[in-house]
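Numbering (the working numbering), first residue to last: 1 to 339.
Every residue gets a Cβ at the ideal spot worked out from N, C-alpha and C, and that includes glycine.
For clarity, every value in this text was computed on a predicted model and none was experimentally measured.
As structure tokens, the structure follows; a few thoughts come after it.
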Ligand code: DAH
């Protein structure tokens, strides 16, 4: 009996040693310790052992069982540890590798220019307001003293929705809304999209942006207009920038002017950028026409004011020395990435 058990034990231990997978070790367990296993078979044979020898044999069987169990246990644990080690190695993450950079969007040159203009005027106490892009003829033309036969009202220039409703051609329409709804003193800028029936080219687009400005108070003069817009130009293009006002005509201002700034590229000596003149036109302005004030319910004997209108794209193009407006609308990432 003893030899039988020793043989079983040796065989089992050898198989455990060979067991290089958990499945194989499990098979060994079943083969020796299971219900139909070899040791169980030995226990079943106890009935043939004499009663006085039974405890001894029983003890031997148990010892063998314990030895096999322990060896199996050890082998399984060792194998599990090995497998875990391999898995960890495989899944290891090198935290010192450089991370993938997420692609970050860029602010559009129009947005950057607008934020700059807003910053300047908010700093001077102006409020930023918005008005509707779809507008009544009254707000876009009539209340701004633009006569019915004015060329701007031609269908070739204006997108009409019907005879009374149109896409605003200028942010000047917001002036009217503000004056109707607010008592002076008024100090506001109104940025927004405007529409004109233009063909697309390097300097035109059927949709672009303007920033309107309006100041209404007692005793506002042309000197206030000049001082304010000169300061604006300096903040936008640099301290050394000079401004020049040329007489002009707008139906809603009287007197009216266009403002030029000294070319920020050549400083005024003349270059390709300013077409040799040393000056660049940047905005239209003037003293609000008394008729406009009256139509908006403001007494021109008590209040005066000035207004101005700037093209946003124009500022962005100048600021970044871009010579084709279409680049601002195509949204080519390679172009936008530069800002
Ligand atoms: N609305 C004018 C345009 O689209 C720009 C303008 C000129 C606005 C003079 C004004 C102004 O407020 O006073 O060309």
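In the displayed model, residue 300 falls within coil according to three-state DSSP, outside both helix and strand. Annotated three-state conformation of residue 126 is coil, per DSSP. Distances between the C-beta of residue 233 and the heavy atoms of the ligand DAH are all 7 Å or more.
The straight-line gap separating the alpha-carbon atoms of residue 313 and residue 273 is approximately 16 Å.
Counting only residues of its own chain and dropping the five nearest sequence neighbours on each side, residue 303 has a CB closer than 7 Å to the CB of 184, 216, 217, 218, 293.
Between the region 309-328 and the region 203-211 there are three or more inter-stretch CB-CB distances shorter than 8 Å, so the stretches are counted as touching.
Around the beta carbon of residue 134, a 10 Å sphere encloses fewer than 16 other beta carbons of the protein chains shown; the residue is thus reported as exposed. Residue 49 and residue 18 have their alpha carbons spaced roughly 33 Å apart. Three or more beta-carbon pairs separated by less than 8 Å link the region 238-258 to the region 137-155, which places the two stretches in contact.
Within its own chain, the residues whose Cβ lies closer than 6 Å to the Cβ of residue 291, once the five positions on either side in sequence are excluded, are 145, listed in chain order. Under the 8 Å Cβ criterion, the region 160-168 does not count as touching the region 274-287, having fewer than three qualifying pairs.
Ranked by Cα distance from residue 237, the first of 120, 188, 197, 297 is 120. The alpha helix (DSSP H) runs of length 4 or more contained entirely in the region 6-35 are, from start to end of the chain, 22-33.
At least one heavy atom of the ligand DAH sits closer than 7 Å to the Cβ of residue 286. Taking the Cα of residue 206 as reference, the smallest distance to any Cα among 265, 168, 332 is reached at 168. Contact check for residue 195 and residue 159: beta-carbon distance about 5 Å, within the 8 Å limit, so the pair qualifies. For residue 9, the CB contacts under 8 Å within the same chain, skipping 5 residues up- and downstream, are 64, 67, 68 in chain order. Distance between residue 235 and residue 91, taken at the CA atoms: about 57 Å. When rounded, the separation of the alpha-carbon atoms in residue 44 and residue 11 is 20 Å. With a cut-off of 7 Å, the C-beta of residue 307 is classified as near the ligand DAH, since at least one heavy atom of the ligand falls inside that distance. With contact defined as three or more Cβ pairs closer than 8 Å, the region 313-322 and the region 107-127 are in contact. Under the three-state reduction of DSSP output, residue 97 falls in the coil class, being neither helix nor strand.
In the DSSP assignment, residue 166 is bridged to 135, 160. Residue range 312-320 is occupied by the alpha helix (DSSP H) that includes residue 317, with no beta strand (DSSP E) assigned at that position. Under DSSP, residue 217 forms a beta bridge with 304. One alpha carbon belongs to residue 58, the other to residue 95, and they sit about 58 Å apart.
DSSP places residue 172 in the uninterrupted alpha helix (DSSP H) bounded by 172-181. Of the residues assessed, residue 122 falls on the exposed side of the cut-off, its CB having fewer than 16 other CB atoms within 10 angstroms. Residue 242 sits in coil when the DSSP states are folded into three classes, being neither helix nor strand.
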